[in-house]
Amino acid sequence: MHRIIIEGGKELSGEVRISGSKNSAVALVPAAVLCDEEVTIANVPNISDIDALDEILNFLGAKVKRDDDVIKINSSNIKNKLIPEEIAKKLRASYYFMGALLSRFKKVEMYFPGGCSIGARPINLHLKGFEAMGAKVEENNNLFTISADNLKGAKINLDFASVGATINLMLAAVKAEGTTIISNAAKEPHIVNVATFLNNMGAKISGAGTSEIKVVGVKYLHSCFHEVVPDYIETGTYMILASAIGKDITISNIIPDHVEALISKLDDIGVPMQIGIDFIKISAPEKLKSTNIKTQVYPGFPTDLQQPITALLTQAKGKSIINETIWENRFLNLVELNKMGATTETLTNSKAVIMGPTKLKGKKVKATDLRAGACLVIAGLIADGKTIIDNADYILRGYENIIEKLTNIGAKIKLEEIE
Ligand code: EPZ
């Protein structure tokens, strides 16, 4: 286990270079299993979620070569084996092997996936889509067995624009017989990144990034090179940090369009930003104004930035209202912020308020999930004194080289291994 220790209250300045997107990379790696030849993926972030997927690929018998941010995967000789529960439980994205192995072998056995405890995180929409394509789904004690004589293209409407279901059903449809239409599909940047990867292999996917995706099944997928899109949630996390205690912080290697919703919110809060082609430069203003946040599917305000922005809102003058519409348990970070001197109140599992500005003091706190951890890192950097963040392994799952990146802009931060 690890913990992070921060000496806060220092102004930070310099450049932060954004890594490849965690939520894209964790889908691209399982998608590689669909290819009949070797694929190369670049700009892969060096985070523990990728290590877990690497473990699954090796367990299945794929040949995996990782060299810095490049991963080469050859799945031509993989076996269709039951992935051990303790590995599947390491991350949510293990469930992408459902769509990939079902598509490849017409049968897959898998345990219910892991992931941050931000809600029940059902997978009913994934399973309903597999059934629409002709698969039979059985579940016994959290072990799912999904099989089909043949996967046929189908018209699937998602009750909710689920990221995971959209990607998993794309994976299952790529080699199905006929055409699949996924309507009310998710539109996040990582959906487009995965569809482009599959098309580079010879798949026939159109409409990714819109709410209707069409997949015409193909027989064979060939070798290709692909790059992971920059991480817009990492981008947003550092933008929020810079808005609180930055002086001329440049966040580079980004796609500004992907953080439109956050840019608009930071504008409301009174944060001046210099927006370039592939960078944003931010200095914290004297005064921050309170605002209201409502999380929505892309391109709305991302739920994954809701927790990080609460740290900034503790410094904003007035009352900010948070309306979390995606996950039912995503306010645990507020309890920890209150320990540091914040004034927040959780009204329901989807509504919370933050009063500010309040002075934050360094305390011993704990990360309850990945983005809650990011919120506490920002709060620790704002606070006077020493903050210790336990369960920091959550943070290492989604932020590549976070200690080095923050140290490079002047933060006093270190990672400690504890028993
Ligand atoms: C992905 O989770 C991300 N994780 C999450 O990021 C992110 O919060 C979420 O998308 C929304 O953007 C990865 O990509 C690995 P969903 P996912 O399916 O796919 C309901 C992070 O911090 N739902 O879009 O699990 C679900 O309960 C993580 O990086 C069903 O009801 O999210 C939730 O209310 C946390 N049935 C909503 O849809 C289903 O079958 C969104 O879920 C599937 C989802």
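If you're matching positions, the sequence shown starts at 8 in the numbering used here and goes up one per residue. Just so you know, even glycine gets a beta-carbon here, dropped at the ideal spot from N, CA and C.
Nearest-angstrom beta carbon gap, residue j and residue i [assumed within contact, 8 Å]
i: Ala107; j: Leu165; result: Contact doesn't hold; Cβ gap of about 19 Å is too wide.
i: Glu267; j: Pro306; result: 6 Å
i: Val46; j: Cys231; result: 6 Å
i: Asp274; j: Lys296; result: Actually they are not in contact, since the Cβ atoms of Asp274 and Lys296 sit about 10 Å apart, beyond 8 Å.
i: Glu343; j: Lys373; result: 7 Å
i: Ile316; j: Ile300; result: 6 Å
i: Pro129; j: Arg99; result: Actually they do not touch by this definition, with Cβ atoms about 12 Å apart.
i: Ser184; j: Asn157; result: In the sequence on display, residue 184 carries Glu and not Ser. Sure, about 6 Å apart at Cβ, within 8 Å.
i: Asp376; j: Ile125; result: 6 Å
Where the alpha helix (DSSP H) through residue i begins and ends
i: Asp274; result: Glu267 to Ile276
i: Met177; result: Val170 to Ala180
i: Met105; result: Tyr103 to Phe112
i: Leu205; result: Pro196 to Asn207
i: Leu67; result: Ser55 to Leu67
Any non-hydrogen atom of the ligand EPZ closer than 7 Å to residue i Cβ
i: Arg111; result: no
i: Glu514; result: The question about residue 514 has no answer, for the chain in this structure spans 8 to 426.
i: Thr310; result: yes
i: Ser170; result: A small fix is needed here, since residue 170 is Val in this sequence, not Ser. Yes, since a heavy atom of the ligand EPZ falls inside the 7 Å radius drawn around the Cβ of Val170.
i: Ile130; result: yes
i: Ile385; result: no
i: Lys143; result: no
i: Cys382; result: no
i: Ile3; result: Examination of residue 3 is not possible in this model, given that the chain is present from 8 through 426 alone.
i: Gly121; result: no
i: Asn30; result: yes
i: Val33; result: yes
i: Gly126; result: yes
i: Ile78; result: no
i: Phe151; result: no
i: Ala38; result: no
Coil, strand or helix - residue i by DSSP
i: Ser82; result: coil
i: Arg337; result: coil
i: Glu241; result: helix
i: Thr317; result: helix
i: Gly136; result: helix
i: Gly387; result: helix
i: Met362; result: strand
i: Asp255; result: strand
i: Thr310; result: helix
i: Glu331; result: coil
i: Gly405; result: coil
i: Glu18; result: coil
i: Ala379; result: helix
i: Leu344; result: helix
i: Ile90; result: coil
i: Ser31; result: helix
i: Asn164; result: strand
i: Arg73; result: strand
i: Asn157; result: coil
i: His25; result: Just to set this straight, residue 25 is Ile in the shown sequence, not His. It is coil, neither helix nor strand.
i: Asn147; result: strand
Length of the line joining the Cα atoms of residue i and residue j
i: Glu44; j: His229; result: 6 Å
i: Ala386; j: Leu41; result: 42 Å
i: His9; j: Val225; result: 45 Å
i: Ile78; j: Cys123; result: 25 Å
i: Val144; j: Ser154; result: 7 Å
i: Ala39; j: Asn148; result: 29 Å
i: Gly380; j: Met246; result: 16 Å
i: Phe66; j: Ile90; result: 8 Å
i: Thr203; j: Ser250; result: 33 Å
i: Leu150; j: Val115; result: 10 Å
i: Asp264; j: Thr350; result: 33 Å
i: Ile284; j: Phe338; result: 34 Å
i: His233; j: Ser83; result: 18 Å
i: Ala95; j: Gln281; result: 42 Å
i: Ile425; j: Tyr103; result: 32 Å
i: Lys326; j: Met362; result: 5 Å
i: Ser357; j: Pro37; result: 32 Å
i: Val235; j: Glu146; result: 33 Å
i: Trp334; j: Thr310; result: 8 Å
i: Ile329; j: Ile13; result: 27 Å
i: Gly68; j: Ile174; result: 23 Å
Closer than 8 Å to chain D by CB, residue i
i: Leu132; result: Checking the listed chains, one finds no chain D in this structure; it contains a single protein chain.
Extent of the continuous beta strand (DSSP E) run through residue i
i: Phe286; result: Phe286 to Ile289
i: Asp397; result: Gly392 to Asp397
i: Ile410; result: Element bounds for Ile410: not the beta strand (DSSP E) but the alpha helix (DSSP H), Ile409 to Thr414.
i: Ala49; result: Glu45 to Ala49
i: Leu354; result: Thr350 to Thr355
i: Cys231; result: Cys231 to Glu234
i: Leu41; result: Careful: Leu41 lies outside any beta strand (DSSP E) and carries neither H nor E.
i: Leu422; result: Lys419 to Glu424
i: Thr187; result: Thr186 to Ser190
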